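So the sequences go chain by chain: A and B.
Following the working numbering, the numbering of the first sequence begins with 1 at its first residue and continues without gaps.
Following the working numbering, the numbering of the second sequence begins with 1001 at its first residue and continues without gaps.
Just so you know, even glycine gets a beta-carbon here, dropped at the ideal spot from N, CA and C.
These numbers come from a predicted model, not from an experiment.
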Amino acid sequence: MNRTWEGAARTACAVVALAATGAIAQERSAVEEIERYRQALGDGNPAELWEARGEGLWKEKAGPKNASLEKCDLGLGPGVVRGAYAQLPRYFADTGKVEDLESRLVSCRVALQGISPEEAKKSPFGGPGRKTVNDALVAYITSESRGVKMNVQANHPKEAEAYEIGRKIFFHRGGPYDFACATCHGVDNIRIRLQDLPNLTKQADAQRAYTSWPAYRVSQGEVRTFQWRLEDCFRQQRFPHLDFTSEASIALTMFLARNANGATFNAPSIKR
Amino acid sequence: MKTKFIALSALAALAAGCATAPSDDATSAKALAVMKAGFQERGQAKLDRLDQDNLQRLCSTYSGGNELPKDVAEKIEQEQRAMIKFPADGKMLGDWKSGEKIAQSGRGGQYNDDPTKPSGANCYACHQLTKQEVSYGTIGPSLYNFAKVRGFGPDIQKYAWSKVYNSHAFSACSSMPRFGQRGILTEQQIKDVVALLMDPNSPVNK
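Below is the structure:
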């Protein structure tokens, strides 16, 4: 892991030396203003509405089996929500798969509530006039990891494999524009238009970025989950549509989550 | 004899260990298979977008701390330079005002974009170009005063054309899309963008 960060650091330094000659200071004030705005909004984050709805959905009986999700094992034992998100993704013996939170919720809704996998995966993200179970449950469960240190393991061979596959996906250049995740997220101190881009191959940036998702997006009026974040990145990367809870999405999440280890989780957050 | 046997066994065990650990190529192949299974075609974005051409493969291999060797870089630049097509009429410069619009637009290529409409170049996403536009990115270098600094002559025009057409021709494994090579921009659009960079009246050179 350190090899990755150090290597990327060397490459990044060379690029930054070239890029840093541009006048950056001038727009810093704008970025600071946005940060101040974000902090002001943070005191009354509308994501709390999603968190409350999610807690209700977690405890409410639903599905053909008329059961709640309170026996769902998120990795720390059945029903343990506190701190669960900070150790995901992980391998689950009952499904034989590495799962992130959103795929684990699908597994639990299928196993405990008797909902079909197709139904559990259908339209996972909210939009105008459409509130989803996934968004609410994610907001609730992630909020229960606030203040907990990220601790994603790769002890199981499938966890280690997912991390390595995720790493490959991160650096995979493809599509008509030749973009990889790393094109925007593999260099220090760059921005697209005025938006700062975290270097997700470096520990400090990866920690700061990963621990701030999910987020209430002011511009969209929705809580956006990590699966949503990845899918929308790939859209802009000119890639095809990333399937919700696909193995590819989980492997990439594994790579990013594990790179954030040691940081204190602090989401749902609020973003522009 | 006994020591020799133990040493050999240890070597054999080591070799076996190496054989079971997946090679980098095997991980790449697995990753591509996982991606093929994890994406769905939508709109203009088909699954073949996940397949890599030789350039994409090389540039992915030499990333993430794996430095691009000088000889590989030079080979890439030579190959990409040889593929550049210059305008049939020999005129590199179009209309800088149209170029400015193309530089502002980020549409095109995404599955939710209409493929029958022209794509933008989204230059401002990564580059500073003019003093008027303060919302610019820093992924690429500032291009403000591009020709004022380098000169307005035909060699620099050709250089600007080449960079827009295929940036790998001068900078192997650059982050910039190959706007001409991949048919993202039309010949006329490239002329307009080159005019934005090269025209003495363009705000880039003011």
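In whole angstroms, give me the CA-to-CA distance for A/Ala215 and A/Pro117.
Near 26 Å, if we compare the C-alpha coordinates of A/Pro117 and A/Ala215.
How about the segment 167-183 of chain A and the segment 135-145 of chain A: do they share at least three Cβ pairs that are nearer than 8 Å?
As far as the Cβ criterion goes, the segment 167-183 of chain A does not touch the segment 135-145 of chain A, which means the pair count is below three.
Does the beta carbon of A/Ala251 come closer than 8 Å to any beta carbon on chain B?
Answer yes: the Cβ-Cβ gap between A/Ala251 and chain B drops below 8 Å somewhere.
In or out: A/Ala260 buried (at least 16 other Cβ within 10 Å) or exposed?
Burial call: buried.
Who are the Cβ neighbours of B/Lys1158 in its own chain at under 8 Å, not counting the five residues just before and after it?
Once the five neighbours on either side are set aside, the close Cβ partners of B/Lys1158 are Phe1086, Met1092.
Are the C-beta of B/Glu1100 and some C-beta of chain A separated by less than 8 Å?
False, the Cβ-Cβ gap to chain A never drops below 8 Å.
Provide the residue span of the beta strand (DSSP E) that contains A/Arg191, from first to last.
It spans 190-192 - the beta strand (DSSP E) in which A/Arg191 sits, taken as one unbroken run.
How many angstroms separate the CA atom of B/Leu1196 from the CA atom of B/Val1164?
Taking the Cα positions, B/Leu1196 is about 12 Å away from B/Val1164.
Could you confirm whether any beta carbon from chain B is found closer than 8 Å to the beta carbon of A/Pro78?
A/Pro78 does not count as touching chain B.
Between the segment 1029-1046 of chain B and the segment 1140-1150 of chain B, do at least 3 Cβ pairs fall closer than 8 Å?
Taking a cut-off of 8 Å on C-beta distances, the segment 1029-1046 of chain B does not touch the segment 1140-1150 of chain B, as fewer than three cross pairs fall below it.
Using 8 Å as the Cβ pair cut-off and three pairs as the minimum, do the segment 100-112 of chain A and the segment 57-72 of chain A touch?
Pairwise C-beta distances place the segment 100-112 of chain A in contact with the segment 57-72 of chain A, as three or more of them are shorter than 8 Å.
Within 8 Å, do at least three Cβ pairs link the segment 1035-1053 of chain B to the segment 148-158 of chain A?
Per the Cβ contact rule, the segment 148-158 of chain A is not in contact with the segment 1035-1053 of chain B (fewer than 3 Cβ pairs under 8 Å).
To the nearest angstrom, report how far apart B/Phe1152 and A/Asn199 are at their CA atoms.
Answer to the nearest angstrom: the Cα atoms are 37 Å apart.
Measuring only between beta-carbons, confirm whether A/Glu164 sits less than 8 Å from chain B.
For A/Glu164, the answer is yes, since a Cβ of chain B falls inside 8 Å of its Cβ.
Expressed to the nearest angstrom, what Euclidean distance is found between the alpha-carbon atoms of B/Pro1203 and B/Lys1131?
One C-alpha to the other measures close to 8 Å.
Which of the three DSSP states is assigned to A/Arg224 in this structure?
Correct three-state label for A/Arg224: strand.
Just to confirm my understanding: we take A/Arg229, look at its own chain, exclude 5 residues before and 5 after, and list those with CB closer than 7 Å. What are they?
Hits under 7 Å: Trp213.
B/Arg1107 CB to nearest heavy atom of the ligand ZN below 7 Å:
For the structure depicted, the ligand ZN is absent and the ligand set is empty, with no information on it obtainable.
Check this for me: beta carbons of A/Ala84 and A/Gly75, under 8 Å apart or not?
Yes. Within cutoff.
So with CB distances below 9 Å, who are the chain A contacts of B/Arg1182?
Neighbours of B/Arg1182 in chain A, taken as residues at a C-beta separation under 9 Å, are given in chain order as Pro176, Tyr177, Asp178.
Cutting at 7 Å between CB atoms, please list the residues of its own chain near B/Ala1169, excluding the five before and the five after it.
Cβ within range, chain order: Glu1077, Gln1080, Arg1081, Ile1084, Ser1162.
Nearest candidate by alpha-carbon position, reference B/Glu1067, set B/Cys1123, B/Gln1188, B/Cys1173:
When only C-alpha atoms are compared, the closest one is B/Cys1173.
Using only CA atoms, which one of B/Met1198, B/Cys1126, B/Lys1101, B/Val1072 lies nearest to A/Ile190?
Looking from the CA of A/Ile190, the closest CA among B/Met1198, B/Cys1126, B/Lys1101, B/Val1072 belongs to B/Cys1126.
Under 9 Å from the C-beta of B/Glu1041: neighbouring residues of chain A:
Pro240, His241, listed in chain order.
Own chain, CB closer than 7 Å to A/Leu112, minus 5 neighbours either side, in chain order
Its chain contains Lys65, Ala67, Leu69, Lys71, Cys72 as the residues whose beta carbon lies nearer than 7 Å to that of A/Leu112, once the 5 sequence neighbours on both sides are disregarded; these appear in chain order.
Taking contact to mean 3 or more Cβ pairs, one atom from each stretch, closer than 8 Å, check whether the segment 1047-1057 of chain B and the segment 1137-1145 of chain B are in contact.
Counting Cβ pairs under 8 Å, fewer than three are found: no touch.
Please classify A/Gln236: does DSSP put it in a helix, a strand, or coil?
Three-state DSSP puts A/Gln236 in a helix.
Taking only runs that begin and end inside the segment 1074-1144 of chain B, name each unbroken alpha helix (DSSP H) of 4 or more residues, in chain order.
For the segment 1074-1144 of chain B, the full-length alpha helix (DSSP H) segments reaching 4 residues or more read 1096-1104, 1123-1126 along the chain.
Check the Cβ of B/Gly1120 against every Cβ in chain A and list those closer than 8 Å, keeping chain order.
Going along chain A, no residue has its Cβ under 8 Å from B/Gly1120, so there is no contact; the nearest lies around 12 Å.
Have a look at A/Phe265 and B/Ser1167 and give me their C-alpha separation to the nearest angstrom.
Separation of A/Phe265 and B/Ser1167 (C-alpha to C-alpha, rounded to the nearest whole angstrom) is 40 Å.
Which one of B/Tyr1062, B/Ile1156, B/Pro1177 has the shortest CA to CA distance from B/Ser1119?
Comparing alpha carbon positions, the residue from B/Tyr1062, B/Ile1156, B/Pro1177 closest to B/Ser1119 is B/Pro1177.
Under 8 Å, with one C-beta from each stretch per pair, do the segment 246-261 of chain A and the segment 119-139 of chain A reach the 3-pair mark?
No contact exists between the segment 246-261 of chain A and the segment 119-139 of chain A.
How long is the line joining the alpha carbons of A/Trp50 and B/Ser1023, rounded to whole angstroms?
If I take the Cα positions, the gap works out to 44 Å.
DSSP three-state assignment for A/Asn261, whether helix, strand or coil:
Assignment of A/Asn261 by DSSP, reduced to helix, strand and coil, places it in the coil class.
So for A/Arg90, helix, strand or coil by DSSP?
Here A/Arg90 sits in strand by DSSP.
Look at the alpha carbon of B/Arg1107 and the alpha carbon of A/Arg238, and state the distance between them as a whole number of angstroms.
Taken atom to atom, the span from the alpha-carbon of B/Arg1107 to that of A/Arg238 is near 11 Å.
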